[in-house]
Amino acid sequence: VRLKEEEEEDDDAIDSMREAGSEPKVRVARKGERETAKQVGAWLEKARISITGMPALWKGVLVVLILVPKAAIWKLTAETGVTFLMNTDGIDDLIVNSVALTFILAIEDMIGETLSSELTQNMLSKCEDFLIFTRHVEGMSEEDILEEFGNKQAAQRISCLDVIHAILPAKLLGVVALTLMFTFSYYKTHCDYAGGFHWWPKPIRLAFSTQFSVLNAMFPNLFPVNMQEGAVWTMPSED
């Protein structure tokens, strides 16, 4: 009741100041405006935002305009990062360069959080999780879910692959596989195999120009850089 009386006094004070020909320095929301704001806030709290299906045409557009360029940039960043770290000798410089690469990879998320509007962030925070299970599970209780899916799992035989999948996380195996792949790609690009698990650096040749196109960076195998014939450095022989 006291808060309501104070709100009415504020409204009367604003009206008296306007009748006297002066506007208040700090504008206080009137009673009706405060009630509208409360209703809007309550509506936002009750709002539900979820993702749904997308037409095949838009899926193709997003694949061409977003997925393919982002995958190409990710591949280029990974190859550049591995080359950057492999060319670093000292452990101190290696740690510093690793931290620098971590910061570079986080720039995209930082830009999205900084430049996106508050409305966009609120909508993303209220977006519900995408449920991948079947629709009939939504109306089932936890006991029914455990009974149905537990019986299905009990009827299936456990293989060695299931045990390996349970012990070794899929993300860990993916990281190890990608690390080995990009490391082997580095040796394959910059070295020649000499046998006996030995790799020798390839001769260093200079390019005709320092101007490179996007195709040279994204697809070096399809669009190689024009190099000079003579090498400026070769691996010294053991003799």
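Quick note: the sequence shown uses the numbering used here, first residue 36, plus one each step.
Don't be surprised by glycine CBs; every beta carbon is placed ideally from N, CA and C.
Closest option to Trp-235, judged by alpha-carbon separation, among Asp-144, Ile-202, Met-216 and His-225: His-225. In the DSSP assignment, Ile-142 falls outside any beta strand (DSSP E) and within the unbroken alpha helix (DSSP H) covering 142–150. Residues of the same chain with a CB within less than 8 Å of the CB of Ala-266, apart from the 5 flanking positions on each side, are Pro-238, Ile-239 and Arg-240 in chain order. With respect to the 8 Å criterion, Phe-217 and Ala-113 are classified as neighbours on the basis of their beta carbons. Between Met-89 and the set Ala-82, Val-98 and Arg-83, the nearest pair of CA atoms involves Val-98. The criterion of a C-beta distance shorter than 8 Å is satisfied by Tyr-221 and Val-117. Between Leu-140 and Asn-132, the C-beta spacing is not below 8 Å.
Under DSSP, His-233 shares a beta bridge with Gly-230. In this structure, Ile-84 places its C-beta atom within 8 Å of the C-beta atom of Met-158. DSSP places Leu-250 inside the alpha helix (DSSP H), whose first and last residues are 249–253.
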